[in-house]
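Report on the following structure.
Residue numbers (this note's numbering): 11 to 145.
And the structure:
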């Protein structure tokens, strides 16, 4: 229950209204000819008052609901913006890593080519050395 709201029972009456109705029903005093209409007018006023309170309460509840929805949407918007910034940062980082990968890949390919050439020279040297020793 929120501050300033009255507790309303399932009957639609507040505790004070229930007490007032019970006091009318429990009163043993003499009944005058006008007392019925007086009770009826008080009961109608109570119904109108309840309707007015309920209407005000519903308006306040709707206002709180709109405020919660607005806060929810603002939070979602903030999160979307934050995620977009993070996404851009990750894309930049990915681009940098991909560039570094290609640089290293090209360097690795060059080193492999050099290794093949050096292996060929080494084999040539072994065969030359073996030929010289066999003479």
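Here a beta-carbon is modelled for each residue, glycine too, at the ideal position from N, C-alpha and C. For clarity, every value in this text was computed on a predicted model and none was experimentally measured.
- For residue 23, there is no enclosing alpha helix (DSSP H), as DSSP marks it with neither H nor E.
- A Cβ-Cβ separation of about 36 Å leaves residue 84 out of contact with residue 60 under the 8 Å criterion.
- Between residue 23 and residue 32, the C-beta gap is not smaller than 8 Å, which leaves the two residues out of contact.
- Residue 62 sits in a helix when the DSSP states are folded into three classes.
- Rounded to the nearest angstrom, the gap between the Cα atoms of residue 143 and residue 134 is 14 Å.
- Pairing residue 96 with residue 80, the inter-Cα distance amounts to about 24 Å.
- In its chain, beyond the 5 residues on either side, no residue has a beta carbon closer than 6 Å to the beta carbon of residue 67.
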